[in-house]
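Report on the following structure.
In the numbering used here, the protein residues as written are 29 to 831.
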């Protein structure tokens with residue numbers, strides 16, 4: 029039994045070994061690692077893993093269910109190979125470089141084993157090949173000229189990408205554009221790659237001018253984008269701005285009356301532009317420049333619209349500026365007086381125009397205070413509020429203006445005329461009835477002596493003169509008679525009552541017209557006399573005091589007239605008396621201009637000697653001129669000043685003046701007798717006297733001798749006097765002379781001595797008397813140039829010639 033037990037154990041062991049061997053022979057094939065989906069960029073490397081455990085069959089890779097081969101080198105497919113080792117059971121598929129053809133489904137398969145092991149297949153693994161797109165292109169090119177506000181389309185194409193490229197638009201400021209973009213993808217003929225299109229719809233603006241638009245294209249096959257650029261030139265209409273260049277204040281307001289200069293600036297492409305100016309849509313003539321000037325900006329230009337219109341090839345643009353003129357207040361409508369019933373409300377309006385807006389204030393005349401500060405004043409009418417109100421308007425920087433209006437309280441009329449009036453019989457007489465009535469009277473009736481005056485009566489005319497406060501009715505009586513004077517009755521009626529008054533028309537005495545005329549004339553004459561007296565008094569008070577006897581003063585006064593004179597033009601001044609004007613070298617004779625009382629003696633002393641006076645030349649047309657050369661200083665000997673005769677006619681006071689020594693004609697007695705007016709028979713005696721002087725006539729100025737003054741009448745043999753020396757004992761002192769040229773010019777010559785005497789007689793009166801003057805001593809002939817007695821007689825009036 030023990031041996032049988034052992035036998036059973038042995039059988040069990042053998043059965044176990046057989047079972048173990050049988051199980052090893054029948055083990056199944058399985059995948060330790062299967063391939064997975066992969067994505068690869070064209071040109072890269074792809075490895076699809078495949079590991080098999082207990083491989084007993086034959087392993088191969090399929091591509092889109094097409095077997096690639098069972099050998100590891102996969103002959104026929106240069107870029108494909110199975111890598112790994114049999115010991116490890118690694119049969120991974122390696123693809124390099126990947127091309128677009130490698131985009132397919134791959135599977136690792138193991139055939140059944142020799143002992144009936146079943147075959148196995150892996151999951152399909154999809155290899156997706158990515159292809160970068162070609163660089164993008166903008167269909168319109170790299171430069172595009174367009175016009176503002178005209179829509180354009182920019183098209184960017186990215187070709188051959190797998191997947192299709194994503195396209196992005198970027199403007200010149202770096203902003204990504206998202207609006208107005210259309211994206212289109214088109215599959216290529218190979219069915220694997222795509223073309224992407226992006227269309228940008230754009231409305232160009234001025235801001236787009238000279239900017240660059242960028243198209244960026246990119247897909248998952250590449251890490252960086254590719255781009256294309258386009259520069260955009262936008263032609264746009266002018267962009268206009270109008271501004272005030274000069275004439276406005278800092279606040280922008282333009283003072284009224286200022287000169288305003290406006291400028292127009294235009295930005296345009298193309299820049300060839302033309303300008304036009306408009307004022308309130310009216311074109312301005314000549315407004316074709318960039319500036320416009322308003323020389324006088326008055327208030328009528330306030331709120332005026334100044335428009336500048338600019339044209340170029342694209343179009344036109346315009347811009348405007350509204351003028352803001354600052355001006356003082358001015359009434360649009362002055363306040364108007366109103367009439368109202370008691371208890372009603374009224375509104376006074378003060379409509380004032382001004383810029384800035386005027387400040388309005390209402391002033392109550394009755395209470396002397398400001399009661400309102402707006403244009404409209406509303407009051408409830410009663411006895412207290414009725415009255416006058418002033419509206420004042422003020423604009424800073426301008427004068428204040430004002431106007432008044434009155435609120436009248438309606439009521440019965442009141443007559444305010446004088447109860448007594450006057451008229452002149454025969455004249456048209458007016459009887460006035462002044463009525464205060466709010467509202468105006470409905471009826472005015474005039475009666476006289478209880479009888480109503482008919483307006484058709486030829487003796488009467490009724491005139492009515494309305495006023496804001498009532499009316500004045502005037503009864504005109506034509507050519508009034510005595511019967512028309514008396515008591516007149518004026519009665520008035522309005523809706524609120526009536527009033528009546530009696531007017532007494534009285535006669536007024538008529539002053540004769542001749543008396544009025546004479547009175548007016550006398551008044552006019554009296555006024556004229558008063559004015560004349562005042563004028564003469566003022567003129568007398570304005571006369572200068574006697575000038576100083578200083579030689580320099582006299583020299584200054586007479587210098588100009590002395591220089592202007594000429595010895596060849598010896599002018600005769602036949603004045604009958606002295607004149608203050610002589611002091612100022614007045615050479616002309618003015619009748620009546622002499623003063624009979626004034627005494628002006630002007631001398632310049634030389635070596636304490638006085639100068640003799642010479643009578644003026646007779647018969648010469650002197651015209652007030654005197655010689656400049658002072659011959660009396662060089663040729664006259666010293667002489668004594670003759671006293672003034674006191675035997676002159678009292679009626680000729682001007683001849684008693686000491687001016688006889690300077691200006692008056694010196695008439696002397698000849699042989700103790702007066703020389704007759706026309707008796708010239710004794711003039712031949714002058715030929716024997718030095719200088720042609722007459723006996724008793726005193727020294728004669730040699731300047732007035734025609735024989736001396738005319739070089740053709742001189743005696744060449746006559747010797748000159750001995751010159752003066754510095755020795756007073758050897759040489760006599762020079763004669764005194766006067767600086768008054770008018771007095772020097774009054775001397776007479778030898779050939780006209782008798783005529784001077786005659787003229788003096790005529791100038792001093794019709795009685796022919798000659799004033800008695802003390803005879804001056806004769807001068808020695810050695811100091812004179814004595815003419816030849818055989819000289820021809822010179823005609824009266826002949827001018828001496830200065831040499």
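The C-beta atom is built at its ideal place from N, Cα and C for all residues, glycine as well.
- Message: Tell me the DSSP secondary structure of residue 201 in three-state form.
- Response: coil
- Taking the alpha-carbon positions, what's the residue 104 to residue 90 distance? 14 Å
- Rounded C-alpha distance that separates residue 181 from residue 339: 27 Å
- Query: Does the region 505-516 touch the region 455-473, meaning 3 or more C-beta pairs lie closer than 8 Å?
  - Reply: Taking 8 Å as the limit for Cβ pairs, the verdict is that the region 505-516 does touch the region 455-473.
- Task: Reducing DSSP to helix, strand and coil, say where residue 500 ends up.
- Result: Looking at residue 500 - three-state DSSP - the assignment turns out to be strand.
- When DSSP labels each residue in this structure, what does residue 837 get in the three-state scheme? The structure shown has nothing for residue 837, since the chain only spans 29 to 831.
- Residues near residue 489 by beta carbon distance below 6 Å, same chain, minus five either side: 504
- Contact belief for residue 139 with residue 78 at Cβ below 8 Å, rounded distance in angstroms: The Cβ separation is near 14 Å, so there is no contact.
- If you draw a straight line from the alpha carbon of residue 102 to that of residue 170, how long is it in whole angstroms? 50 Å
- Message: For the region 275-294 against the region 247-261, do three or more pairs of beta-carbon atoms, one drawn from each stretch, fall closer than 8 Å, so that the two count as touching?
- Response: no
- According to DSSP, residues forming a beta bridge with residue 451: 535
- So, is residue 196 buried or exposed, given that buried needs 16 or more other C-beta atoms within 10 angstroms? buried
- Measuring CA to CA, which of 64, 341 and 523 is closest to residue 441? 523
- Item | Environment of residue 548 [buried if 16+ CB atoms lie within 10 Å] | exposed
- Query: Considering only the beta carbon of each residue, do residue 166 and residue 260 sit closer than 7 Å?
  - Reply: no
- Going by other Cβ atoms of all chains shown within 10 Å of its Cβ, with 16 needed for buried, is residue 484 buried or exposed? The residue is exposed, with fewer than 16 neighbouring Cβ atoms inside 10 Å.
- Is residue 96 helix, strand or coil by DSSP? In the structure shown, residue 96 sits in coil (DSSP, three-state: anything other than H, G, I, E or B).
- Cα-Cα, which of 117, 65 and 66 is closest to residue 86? 117
- Query: What do you reckon, are the CB atoms on residue 126 and residue 157 nearer than 7 Å?
  - Reply: yes
- Message: Spatial neighbours of residue 112 within its chain, please: C-beta separation below 7 Å, excluding the five flanking residues on both sides.
- Response: Beyond the five residues adjoining it in sequence on each side, residue 112 comes within less than 7 Å, by CB distance, of 118, 119 and 120 in the same chain, given in chain order.
- Task: List the endpoints of the continuous beta strand (DSSP E) containing residue 519.
- Result: Residue 519 -> beta strand (DSSP E) spans 514-522.
- Item | Residue of 272, 528, 310 and 302 minimising C-alpha distance to residue 316 | 302
- Query: In terms of alpha-carbon separation, which member of 497, 68, 425 and 487 lies closest to residue 414?
  - Reply: Residue 414 has its Cα closest to that of 497, out of 497, 68, 425 and 487.
- Could you check the C-alpha separation between residue 349 and residue 336 for me, to the nearest Å? 9 Å
- Query: From which residue to which residue does the beta strand (DSSP E) around residue 143 run?
  - Reply: Premise fails: residue 143 is in no beta strand (DSSP E) and is neither H nor E.
- Thinking C-alpha only, which one of 495, 220, 177 and 194 is nearest residue 244? 194
- Kindly indicate which three-state DSSP category residue 337 falls into: helix, strand or coil? Residue 337: strand per DSSP, three-state reduction.
- Message: Determine whether the beta carbon atoms of residue 270 and residue 357 lie at a separation below 7 Å.
- Response: no
- For the beta strand (DSSP E) containing residue 434, list its first residue and its last residue. 429-437
- Task: Kindly indicate which three-state DSSP category residue 268 falls into: helix, strand or coil?
- Result: strand
- Message: Would you say residue 101 lies against chain C (beta-carbon separation less than 7 Å)?
- Response: This model lacks chain C altogether, as it is built from one protein chain only.
- Message: Comparing C-alpha positions only, which one of 184, 174, 296 and 242 sits nearest to residue 201?
- Response: 242
- Query: What is the DSSP secondary structure of residue 610, reduced to helix, strand or coil?
  - Reply: Note that residue 610 scores 39 on pLDDT, short of 50, meaning its location in the model is unreliable and no value can be drawn from it.
- Is the CB-CB distance between residue 373 and residue 327 below 7 Å? no
- Message: Could you compute how far the alpha carbon of residue 94 sits from the alpha carbon of residue 187?
- Response: 31 Å
- Give me the Cα-Cα distance between residue 213 and residue 163, rounded to the nearest whole angstrom. Between residue 213 and residue 163, the C-alpha separation is close to 16 Å.
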